[in-house]
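Residue numbers (the UniProt record's numbering), protein chains in the order written: chain S, 1 to 715; chain W, 1 to 715.
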């Protein structure tokens, strides 16, 4: 808890006691029929105490709602204005609206769809093409076995509670979070200790078990928000949309919760396609699905969304990156683990320093953090409202080496929009092992028993890479050689199981057995496929370390995964681009999106100043040259006033407008500055194209061409 | 049946009888111990009969397998070669292969994914941008109510039969089709009548009811293909993947079977976005899902696929198209209904003639047929293996005005790749009516009974358009005015139902009632919500025609829907682009895809002729200028022979290769002609770009630049 808030809570509690005590004193004076001046003086003292209390309340209110007391309110009003414009102009709308919609599903209308296409095209340019990534396109429908291996079937859950009377479902952590936030922000009477406790709950929310969450909900007396009915205990709800593949009803499947698995299962083919060379990256853009318990926050938490994911496969012993030097000097807001733990805030750090100090685990992870920073800021995300936050130890999966989220601040707070994780070898191993187990389970075991039963590191398991040595190297290798004859005599039909279990021992287990056999001559050995211990004698197995020449090193590559929530990025981009300015007459606020040309749904509009055939013909000529130049644009020949037409395109974030007001020269107006230049009809399209393609800036154009003298038409 | 086939079957049957009769004669001669010369002469006659029979058999075999007797066999071999290359180079591969895959699901690997991106980008350019369509992006997860309205929940089914012992499922029509085809092609002994019957079954397959299909399966003794077990009766299986939206389990949903519904439900907003003007088109690219009973034919019948759909909304009274003149002179293979019925084949028709003769229902439909032709042929589809086939009356939905399929011929036969249908007002009406019914069902009825109960044409139902008249027009309108007081007295609590039923009468019904009431004073009237007839007297309702001034005409727009199966188009494109040619040494066949640059996954490769720093530096300079020019390319610095490197890129369909064999000039080689020109290092990228962008042809380049003198490196 911030020091000021804590001391304010204490001061408020003291002042409250003082007010109560003084109130009693006044009442006592009145009861004792004290003199009027005496009573008046006491009342005046009481009032000044109340004033002091109210002042502390105000300060506390300001402290809990952020830097300014009206912050939450103005954020809300800003969002309302932006969302109204977005929905009215069909950037996005709730899906199936005529059927009263479905929570968590949205349609992108024409301008939103164009923005999304532009964002995805730039993503493909910035990542896939510039980095020579292998792009793939896999189905959304996924059989259960794949998501069992990845862990999603067992663990991709949120804790849910039900209204015990109506059956309405809620996310348990959301209810607890809302309760704590509301208490902290609206109830100024809670003690500093209570406030600290609630803040601790908020900080550890993601770690709470079902039991702990349930206990807190009971302790705080939280009920169903809509009905105030009691709630059930929390229980896990799997967030995948389930379905059934094929007509038999016997093949369960799910709509993929992420696109990554499609890449992992293809690792072997992609590695081969890349000439059996590491590192390389595969990428995929596609739909993913999460059956959220109670979607909220518009585009930020939805049930279907577009993900763009990169899986960069790298030798775990060499996580350098050839292009690291290109990002090393970038400086931006980073929020390392330690700063979060010690209550500091994000600060500007040079990426190279974060990597060299070990704050960021390795060069490749650092490289992608830098590339994500460039990607987001080029789209138009405000760099001062973008930070890279490192996962705390308790947030990170046990196998992950390091993980950073690109968080963007919007009216809902800091939102995770890109996750950049070094997931080590987890995903490929999960599929290798599960794959083997799966093949094994389905009775293909006898044909290649050597392959399947043995230690995975030794076998030809699919999802691995190999580093060929230029000349063979001598290595010490553990060799476990079961003596089949002896084992057969001792265990008969179970011989196979015992052999497999012996071969599956890791180095430590094997060396312990070797030592025990040498000292005692016999050990008890657990065979999991038999479910019991068996006695192993010295003559049944030979365990030794042998020197071997090896020609290659076989290993499971590490995966570094930047994963982009495209809808979240787009929503934050909408908010960062939105502003209002007064109309010419000053009687209303006009809405503008300051999209960079890269993102803008349309790059240019063409307006004949008045409805007249000559001007319309010129507009058509310009339109044709814009088409040839590949600039998306629109002609507006309605007779509406030019100011209204500007306002209409500003609301769509169109950066340039060409007004046809003569047959020789036309006016080009820039959206944000509202500045206008005069350009010949022949040049118009090329001027727009050069700025749109980033070959020159609007300032260059402003320098070069004559300015429109009669002032801007809309201002 | 083709005349020649029929007469051949008859001739074969006659010859067979002759052979049998003559065989008997020979045996009789032998039994009668006739003289050797006599027997020998008889045997010789028999042998020549057998020869004649065998010749007829060959002719018949040729007739049933197409133009050449080895057609099926060579098609199969061609496909095998193409698919081997496609899968080996990861154009596409079965999904989840390491888990032994799932039928009907495929991944696009890197080159396939690039081809798909290129096809979609061109689609967007050719249709969305050039026609100013409103593109939208809606979710795949769709609530049941939407697909109930569209008819998919009730009718989107295939007939299925089960192996009665193993439970394995088969598509009933596929089994019957396979049986008939096999019989026709392999059993030459069946009579001409039997053959005609089997052909009739094939022709009417799509129309057979479950009962008729079941009867045929029984009649022909068709059993399960894998086990020969008996089969169940056919029953409908819904092809949508079902799921459940939200945690309650109470909101059924489906993965959309097409993208069109997302557009229809947004009609009102899109119409408004378009300034309340018709015609306009909306478009959507996205995944669609069909849980096929038994997917086969690779990419052609899959369970998840990318659709690109256009819904062009038009005034049903004016289906002209402003850009129709741009396609009117196109000439290509068309296959009108009448030619199909009379056993002719597709023929070249000028599009303008087909429209003016009424073969194609209207200009807008014709315009889209022309645009689809241009789209497909520019992608690289062979125009001689592309035809537009009109639906037969029995294929078409009852509401459709006309429907044409763009069919592409590949090794599997003629495949429907694009459907272009005039669906009249069906889809918008379905949602309007269901929407109303839905609101009605859920108890919102009392508030606006006038709106809901009344004739839909009269009410403010959402999904309509309006044509504003420049001045009001006088129209005659039917007015049905139930006299509520009299109806209330007569029917008490059922009054509402009777009022609604009266108001819902169409013009014909109302005028008939009016006449009957005037002549008889009372009529029996069926009220469907009561499920019975009620007596209506003259004083209970007034029916009249009144003249009214109207300011606008309100109508449900017609929808013209071109719907593209992107995966099918891509597969056919793969086949049309694939060919083999002998290697330089002549010892093997090399594979080539002749993709046009527009489609090619990579436009250019850059090869240093030998491994040397100077050449690699030049390669990097060229690579940089290619990047600046926006040309996707790859450098191959492996030391492999140049011929092998060419073969490798030919297999990916890369149109150009730049070989660096000096530091001043380089060689550019064109894939299909294998011709090579010498170009300076500075010009290389621009030459490739100009051909790739279609600004000049390879022939122009060949004219202008010096030819590589030492002959082509790979030939």
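Glycine included, every Cβ here is placed at the ideal spot set by N, Cα and C.
If contacts are defined as beta-carbon pairs under 8 angstroms, then residue 365/W and residue 328/W qualify, I think. What distance do you get, rounded to the angstrom?
So it is not a contact: roughly 13 angstroms between Cβ atoms.
Nearest chain W C-beta to residue 178/S closer than 9 angstroms, yes or no?
So no, residue 178/S is outside the interface.
Can you check whether the C-beta of residue 142/W is within less than 9 angstroms of a C-beta belonging to chain S?
Taking Cβ atoms only, chain S reaches closer than 9 angstroms to residue 142/W, which makes this a yes.
Can you find a CB in chain S that lies within less than 9 angstroms of the CB of residue 113/W?
Yes, contact with chain S.
Can you tell me which of 106/S, 480/S, 30/S and 475/S puts its alpha carbon nearest to the alpha carbon of residue 296/S?
Residue 296/S has its Cα closest to that of 106/S, out of 106/S, 480/S, 30/S and 475/S.
Kindly list the residues whose CB is nearer than 7 angstroms to the CB of residue 214/S, restricted to its own chain and excluding five residues on each side of it in sequence; keep chain order.
Counting only Cβ-Cβ distances below 7 angstroms, and skipping sequence neighbours, we find 233 and 234.
Secondary structure at residue 664/S, three-state DSSP: helix, strand or coil?
In this structure, residue 664/S counts as coil in the three-state DSSP scheme.
Taking 8 angstroms as the limit between beta carbons, can you name the residues of its chain near residue 122/S, skipping five residues before and five after?
Same-chain partners within the cutoff: 375, 378, 379, 598 and 599.
Looking at C-beta atoms only, is the number of pairs between the stretch 569 to 582 of chain S and the stretch 73 to 85 of chain S that lie closer than 8 angstroms three or more?
A contact exists between the stretch 569 to 582 of chain S and the stretch 73 to 85 of chain S.
Exposed or buried, residue 774/S, counting other C-beta atoms within 10 Å across all chains shown (16 or more means buried)?
As displayed, chain S neither begins before 1 nor continues past 715, which places residue 774/S out of reach and without an answer.
Got a sec, what are the start and stop residues for the beta strand (DSSP E) residue 561/W sits in?
From DSSP, the beta strand (DSSP E) with residue 561/W extends over 558 to 565.
Is the distance from the Cβ of residue 677/S to the Cβ of residue 609/S below 9 angstroms?
Result no, Cβ atoms of residue 677/S and residue 609/S do not sit closer than 9 angstroms.
Give me whichever residues DSSP pairs with residue 30/S in a beta bridge.
In the DSSP output, where bridge partners are listed per residue, residue 30/S has none listed.
Which residues, taken in chain order from the stretch 74 to 96 of chain W, show a beta carbon closer than 7 angstroms to some beta carbon of chain S?
Going along the stretch 74 to 96 of chain W in chain order, one finds 90, 93, 95 and 96 with a Cβ nearer than 7 angstroms to chain S.
Using a Cβ-Cβ cutoff of 9 angstroms, what residues of the stretch 359 to 372 of chain S are near chain W? List them in chain order.
Listed by position along the chain: nothing, the set is empty.
Kindly give me the distance between the Cβ atoms of residue 558/W and residue 425/W, rounded to whole angstroms, as I take these residues to be in contact under 8 angstroms.
About 6 angstroms; that satisfies the 8 angstroms criterion.
Residue 307/W lies in the alpha helix (DSSP H); which residues open and close that run?
Element bounds for residue 307/W: not the alpha helix (DSSP H) but the beta strand (DSSP E), 304 to 314.
Grouping DSSP H, G and I as helix and E and B as strand, with all else coil, what is residue 273/S?
Of the three classes helix, strand and coil, the one that applies to residue 273/S here is helix, per DSSP.
To which residues of the same chain is residue 394/W closer than 6 angstroms at the C-beta, ignoring the five residues directly before and after it?
Answer for residue 394/W: 207, listed in chain order.
Going by beta-carbon coordinates alone, are residue 281/W and residue 313/W separated by less than 9 angstroms?
The answer is yes: Cβ separation under 9 angstroms.
Within 9 angstroms of any Cβ in chain S, is that where the Cβ of residue 241/W sits?
Yes, residue 241/W counts as interfacial toward chain S.
I need the DSSP call for residue 425/S, collapsed to helix, strand or coil.
Looking at residue 425/S - three-state DSSP - the assignment turns out to be coil, as it is neither helix nor strand.
With a threshold of 6 angstroms on Cβ separation, who are the neighbours of residue 454/S within its own chain once the five nearest residues in sequence on each side are excluded?
Unreliable placement is indicated for residue 454/S, whose pLDDT of 30 sits below 50; the coordinate value is still reported in the next sentence. The residues are 503.
How big is the Cα-Cα spacing for residue 55/W and residue 344/W?
Cα-Cα distance, rounded: 27 angstroms.
Is any beta-carbon of chain W found at less than 9 angstroms from that of residue 270/S?
At least one chain W Cβ lies under 9 angstroms of residue 270/S.
Can you grab the Cα-Cα spacing for the pair residue 703/W / residue 620/S, in whole Å?
C-alpha separation (whole angstroms): 36 angstroms.
Residue 173/S and residue 154/S - do their beta-carbons sit closer together than 9 angstroms?
No; because the gap between Cβ atoms is not below 9 angstroms, this pair is not in contact.
So is residue 403/W buried or exposed if we call it buried at 16+ other beta carbons inside 10 Å?
Residue 403/W should be labelled buried.
I need the straight-line Cα distance from residue 647/S to residue 272/W, nearest angstrom please.
C-alpha separation (whole angstroms): 18 angstroms.
Counting only beta-carbon atoms, is residue 421/S nearer than 9 angstroms to chain B?
The structure shown contains no chain B; its protein chains are S and W.
Would residue 256/W and residue 104/W qualify as a contact pair, given that the criterion is a beta-carbon distance under 9 angstroms?
Not in contact: residue 256/W and residue 104/W (Cβ atoms no closer than 9 angstroms).
Just confirm the distance between the C-beta atoms of residue 307/W and residue 240/W, as a whole number of angstroms; I'd bet it's less than 8 angstroms.
The Cβ separation is near 14 angstroms, so there is no contact.
Could you compute how far the alpha carbon of residue 262/W sits from the alpha carbon of residue 684/W?
One C-alpha to the other measures close to 47 angstroms.
Would a C-beta distance cut-off of 9 angstroms place residue 431/S and residue 265/S closer than the cut-off?
Contact: yes.
Residues in the same chain with beta-carbon distance under 8 angstroms from residue 523/W, minus the five sequence neighbours each way, listed in chain order, please.
Within the same chain, residue 523/W has close Cβ partners 513, 516, 517, 535 and 536.
Report back the beta-carbon spacing between residue 591/W and residue 651/W to the nearest angstrom; my notes put them in contact at under 8 angstroms.
Right, the Cβ-Cβ distance comes to about 5 angstroms (below 8 angstroms), so this counts as a contact.
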